[in-house]
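Trainee:
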Amino acid sequence: MNQPAANQELPAPQPGQTLLSVRNVSKKYGPNEILGDISVDVRAGEFLCIVGPSGAGKTTLLQCLSGLLAPTSGSVSLRGVEVSEPPAEMAIVFQDYSRSLMPWLSVLDNVALPLRSTKMAKAEIKKKSTAALEEVGLAGHLDKYPWQLSGGMQQRVAIARALAFEPAIVLMDEPFASVDAQTRSDLEDLTLKVKQHLGITIVLVTHDIDEAVYLSDRVLVLGGRPTEVVDLIETHLGEDRDQITTKSTPQFAELRARVYQEIRRQTVPAQS
Amino acid sequence: MSTSPNAVAPPRSEVPEAGLGAKGRRISDRPSPVQSSRQHRRTRTVLWQLFAILAVLLIWQMAAVSPLVGDALPGPLQVATAMVGLWGTTSYWTAVLTTVKVWATGLAICTVVGIPLGLLIGISLNATRSTRWVIDFFRTIPTIALLPLVLLLFGPSMNMEITLIVLSAVWPLLIQSMYAVKQVEPVLKWVARVFRVSRRDRIRFLWAPSVTLLVTTGMRLAATIALLMTVSAEYIGGAAGLGKQLAASEQTFNRPEVIAYAITAGILGLGINMVIVFVQHRLLWWHPMIRGARA
Amino acid sequence: MKALKNILWELWLPIVLVGLWLVLSAGSKTFYFPPLARIMDKFVHVWFFDGILKDLTPSLGRILLGFILALVVGVAGGTLLGLLRRTEEALRPVLEFLRSTPGVALLPIATLFLGVGQEMKVFMIALACTWPILLNTIDGVRSVEPVLLQVARSYRMTMWERIRFIYIPNASPQIFAGGRLSLAIAAVVMVVTEMIGSPGGVGYFVLNAQRNFDILSMWTGIIMLGLLGYLLNLAFRLAENRILRWHHIKNA
Ligand SMILES: Nc1ncnc2c1ncn2[C@@H]1O[C@H](COP(=O)(O)OP(=O)(O)OP(=O)(O)O)[C@@H](O)[C@H]1O
Ligand SMILES: [Mg+2]
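Line order of the protein sequences matches chains D, W and G.
So the first sequence is numbered by this note's numbering: it starts at 1069 and just counts up by one.
So the second sequence is numbered by this note's numbering: it starts at 96 and just counts up by one.
So the third sequence is numbered by this note's numbering: it starts at 375 and just counts up by one.
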């Protein structure tokens, strides 16, 4: 379980090496240019958060990264291989958790569904799915159905499904947007924990600046029209983070202020 | 149409009640106060329903004996007697069986043709656009208008009826199947792509459960229309079955029997509807609409 | 350019089908399938304008009358039953039975009391059409958001205002769905009652032509009925789009 991308022949990427490379990606919907010219390298093993104003095209960018949507120009490659379909080593946690789980399958079956299509034995599938659900703290709810769970629990099922898939990289689109504050910080810590535990790479889109700074190794700030990269900030907050202590450090406050200003400059152009 | 075994409802008792949440497991077998009051309410509703049926019968009886109507309308007792009398005849049962057989054959053909064709057309945007006018046209024209023509071609036979049934009942099924494909949740389609779910599993765990609601709704519509067409074709066209018996009783002025046959047709329709709703509930126990949650 | 392509995609199949019929039936010697060209000649001859006056107008009149009656009864009754929950629950089995009964089976009873004339035809159309509208109205009234009702109470809306501004608008998408089904049923019942009833109407015309082995006329009648059904449905759709614009925009 702690061997990332077990279903992949390629050697595990060294930490720090480029895993996902985004080169001059732009996207137009008809005449509307949404994404301008975006380039960024996602390093193996890092936690990258993407922030930007609403409607900036964060979801669109994530869809281009995953190969669900073809960029108008530019390219995305995963370890040098061009991405045109969702790659085998990538998992996605969709924003709309209630719609991304199948109501006719139990929690366990929802998590197990992707594994059924691999060559894994039945018992192995069950073991892996159960383990992933235990990891997110849902061990007692395997036989429930998604609609019997709270929003936060459903979102954890979606996360468990991504983990059980054993990807090298997970893309998450505002995964904690529609849960209450307490559940949200729990889910944030859970995500940090499993990331460290499994050594995977995570790209996470969020609206919440605190969340972005708290979670990430680097924060990618998007803005402008069409949307471009405004800044890419290293947080240097270290491995061990805590909702209270980390968030009360001066370093955190400074990072937060910086991201905040950068976003505000985008939304209030009169200031510049 | 094969539905995945997982999409079939587990026995009722195993489905946890929605809303019980984490503590849904029952502690003892003793009914809780909530359950017993629900039980109580159920019994009361059934009693009221029986009462309503009795009231309808009573009004009917009173209308039958009232001087206003004269003796044109037989009362429920007379009809019941006639009905019991009919149950003793083979012609009654032959008529019922013939009607059911014709109806079922016609509906089976509609199913075999309508569902796959609808699903296929629904998948392709170009197929949808190309067939839009044709489907719209055939769906809206009263197919019964073809009865005289079909009667000339086949005579008062089973083929005549089945032709009419298929021509009129296939459309709702086809259209609902078409819509069903288009209503599949796009996020779930993405999930299947991202998590590389195999084609077989996609059909079994994504497409089949997703289209079930609308396809079974289409079945219900088609079954109702098919029965209407069967009885109409028998009544006007003179093919064997309930409709023909109805016309025959009418011609001999045997009014209690006329009503008994009409009621038989009603019971048939009700039974068909109940079976389809039952199957729908078995297949779609997870659906918000069926489990009674607000969408 | 794009619009043109769309129209082409939608039109090619109907054009091909009519073309095929035209070509394949051109040299037809089969008694039952005369050449389409001759049917069209006959169509103009029969229907413009004697036939329209003599047979189409009565048909149109009775289907509209029956349908409107059903609409009034169905919506009013459905709203009432939707509000009176207990009563509706008690009446459910009776309603389900009436709804499931194929309308044609009630024809002999209707002719018993109303004869074979206009009253019977309108009554049968209205009766068969009422059930889908009634049951859908009940469901629609039931599905009103509880929050909306609380709002209504806090503004002290009268019952009539609630019905007018909350219940009926909320139920209208379902009422229209029921109405569309009813319209299809209405056309069938109209044809059937005309076939067995007193002379007059397109349904009677078709059956009569068949009995006289006037196959050409029969075909023109069938086509006329097809057009009637199609145009009625089209008119209904236009009305629906107009009235339910808010609903379609909301769900777009
Ligand atoms: N399928 C589409 N067709 C046309 N325009 C689209 C489509 N999807 C998104 N857009 C437009 O692209 C822009 C960016 O959308 P996107 O969903 O990527 O924004 P976002 O940054 O994720 O916003 P939010 O933070 O609110 O989720 C929006 O202006 C939206 O209107
Ligand atoms: Mg978004």
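We put the beta carbon where it would ideally sit given N, CA and C, even for glycine.
Computed from a predicted structure; not experimentally measured.
Quick one: list the residues of chain W neighbouring F1244 of chain D, beta-carbon separation under 8 Å, in chain order.
Mentor: Ordered by position in chain W, no residue passes the 8 Å Cβ test against F1244 of chain D, which lies about 17 Å from the chain.
Trainee: Using beta carbons (cut-off 8 Å, strictly below), is V276 of chain W in contact with chain D?
Mentor: For V276 of chain W, the answer is no, since every Cβ of chain D falls outside 8 Å of its Cβ.
Trainee: Mind pulling the chain G residues with CB within less than 8 Å of R350 of chain W?
Mentor: By Cβ distance, chain G contributes L486.
Trainee: Are the segment 1206 to 1223 of chain D and the segment 1173 to 1181 of chain D touching, with three or more C-beta to C-beta distances below 8 Å?
Mentor: Touching, yes, given that three or more Cβ pairs across the two stretches are closer than 8 Å.
Trainee: Looking at C-beta atoms only, is the number of pairs between the segment 161 to 174 of chain W and the segment 330 to 343 of chain W that lie closer than 8 Å three or more?
Mentor: No contact exists between the segment 161 to 174 of chain W and the segment 330 to 343 of chain W.
Trainee: For C1117 of chain D, which beta-bridge partners are listed by DSSP?
Mentor: Paired residue(s): D:L1272, D:V1287.
Trainee: Could you please give me the residues that DSSP links to I1237 of chain D through a beta bridge?
Mentor: In the DSSP output, where bridge partners are listed per residue, I1237 of chain D has D:M1158, D:T1269.
Trainee: Ligand 1: which residues have Cβ under 5 Å from any of its heavy atoms, chain order?
Mentor: Matched residues: D:Y1097, D:I1102, D:S1122, D:G1123, D:A1124, D:G1125, D:K1126, D:T1127, D:T1128.
Trainee: Cβ atoms of I204 of chain W and M273 of chain W: under 8 Å apart, would you say?
Mentor: No, they are not a contact pair.
Trainee: Does Y330 of chain W get closer than 8 Å to chain G when you measure Cβ to Cβ?
Mentor: Chain G contact via Cβ: present.
Trainee: Counting along the chain, where does the beta strand (DSSP E) carrying V1097 of chain D start and finish?
Mentor: It should be noted that the sequence gives Tyr, not Val, for residue 1097 of chain D. It spans 1086 to 1097 - the beta strand (DSSP E) in which Y1097 of chain D sits, taken as one unbroken run.
Trainee: Using a Cβ-Cβ cut-off of 8 Å (strictly less than) and excluding sequence neighbours within five positions of M592 of chain G, which residues of its own chain qualify?
Mentor: Taken in chain order, the residues that qualify are V580, A583, Q584.
Trainee: Can you name, in chain order, every residue of its own chain whose Cβ lies under 6 Å from the Cβ of G627 of chain G, other than the five neighbours on each side?
Mentor: Here chain G covers residues 375 to 626 and nothing more, so residue 627 of chain G does not appear.
Trainee: Any heavy atom of ligand 3 inside 7 Å of the beta-carbon of Q1311 of chain D?
Mentor: Among the ligands present in this structure, namely ligand 1 and ligand 2, ligand 3 is not found.
Trainee: Verify whether the separation of the beta carbon atoms of P171 of chain W and R350 of chain W is less than 8 Å.
Mentor: Against a cut-off of 8 Å, the Cβ pair of R350 of chain W and P171 of chain W comes out as no contact.
Trainee: Might you give, ordered along the chain, the residues of its own chain that have their beta carbon closer than 6 Å to the beta carbon of H621 of chain G, omitting 5 neighbours on each side?
Mentor: Result list for H621 of chain G: P547, in chain order.
Trainee: Does chain W have any CB closer than 8 Å to the CB of R1184 of chain D?
Mentor: It does: the Cβ of R1184 of chain D has a partner Cβ on chain W nearer than 8 Å.
Trainee: Does ligand 2 have a heavy atom nearer than 7 Å to the CB of Q271 of chain W?
Mentor: The answer is no for Q271 of chain W.
Trainee: If the cut is a Cβ gap below 8 Å, which residues of chain W does I1118 of chain D touch?
Mentor: Residues of chain W passing the Cβ test: none, with the nearest at roughly 18 Å.
Trainee: If the cut-off is 8 Å on Cβ atoms, which residues from the segment 281 to 313 of chain W count as contacting chain D, listed in chain order?
Mentor: If the cut-off is 8 Å between Cβ atoms, the segment 281 to 313 of chain W has V282, L283, W285, V286, R288, V289, F290, R291, V292, S293, D296, F300, L301, P304 near chain D.
Trainee: Verify the contact flag: D1276 of chain D, CB atom, against every heavy atom of ligand 2, threshold strictly below 7 Å.
Mentor: It does not: the Cβ of D1276 of chain D is nowhere closer than 7 Å to a heavy atom of ligand 2.
Trainee: Kindly indicate if chain W contains any beta-carbon less than 8 Å away from that of L1136 of chain D.
Mentor: Interface residue, yes.
Trainee: In chain order, what residues of the same chain lie with their CB nearer than 7 Å to the CB of V1151 of chain D, ignoring the 5 residues before and after it?
Mentor: The residues are G1135, V1144, S1145.
Trainee: Do you know offhand how far T1128 of chain D's Cα is from K1095 of chain D's?
Mentor: Cα-Cα distance, rounded: 8 Å.
Trainee: Compare the C-beta of G116 of chain W against all C-beta atoms of chain D and say whether one is closer than 8 Å.
Mentor: With a pLDDT of 31 at G116 of chain W, under the threshold of 50, the modelled position of that residue is not reliable, and no figure is offered here.
Trainee: Taking only the alpha-carbon atoms, compute the straight-line gap between N510 of chain G and F587 of chain G and give it to the nearest angstrom.
Mentor: Between N510 of chain G and F587 of chain G, the C-alpha separation is close to 43 Å.
Trainee: In chain order, which alpha helix (DSSP H) runs of at least 4 residues are fully inside the segment 426 to 457 of chain G?
Mentor: List check, alpha helix (DSSP H) in window: 431 to 457.
Trainee: Give the residues of chain W in contact with F1233 of chain D, contact being defined as C-beta atoms less than 8 Å apart.
Mentor: Result: F290.
Trainee: Nearest-angstrom Cα distance between S1107 of chain D and R234 of chain W?
Mentor: Approximately 53 Å between the Cα atoms of the pair.
Trainee: Which of the three DSSP states, helix, strand or coil, is assigned to E1153 of chain D?
Mentor: In the structure shown, E1153 of chain D sits in coil (DSSP, three-state: anything other than H, G, I, E or B).
Trainee: Taking W182 of chain W as the reference, give the member of W:I371, W:T200, W:Y356 with the closest Cα.
Mentor: It is W:Y356.
Trainee: Does the distance from the CB of V265 of chain W to the CB of G209 of chain W come in under 8 Å?
Mentor: Yes.
Trainee: Between W:I358, W:L149, W:T238, which has its C-alpha nearest A561 of chain G's C-alpha?
Mentor: When each option's Cα is compared against that of A561 of chain G, the closest is W:T238.
Trainee: Which same chain residues, not among the five before or five after G552 of chain G, have their C-beta less than 6 Å away from its C-beta?
Mentor: Only P506, I507, N510 meet the Cβ criterion.
Trainee: Step through the CB atoms of chain B and report whether any lies within less than 8 Å of the CB of M531 of chain G.
Mentor: Absent here is chain B; the protein component of the structure consists of chains D, W and G.
Trainee: Decide if E1330 of chain D is buried, meaning its Cβ has at least 16 other Cβ atoms within 10 Å, or exposed.
Mentor: So E1330 of chain D ends up on the buried side.
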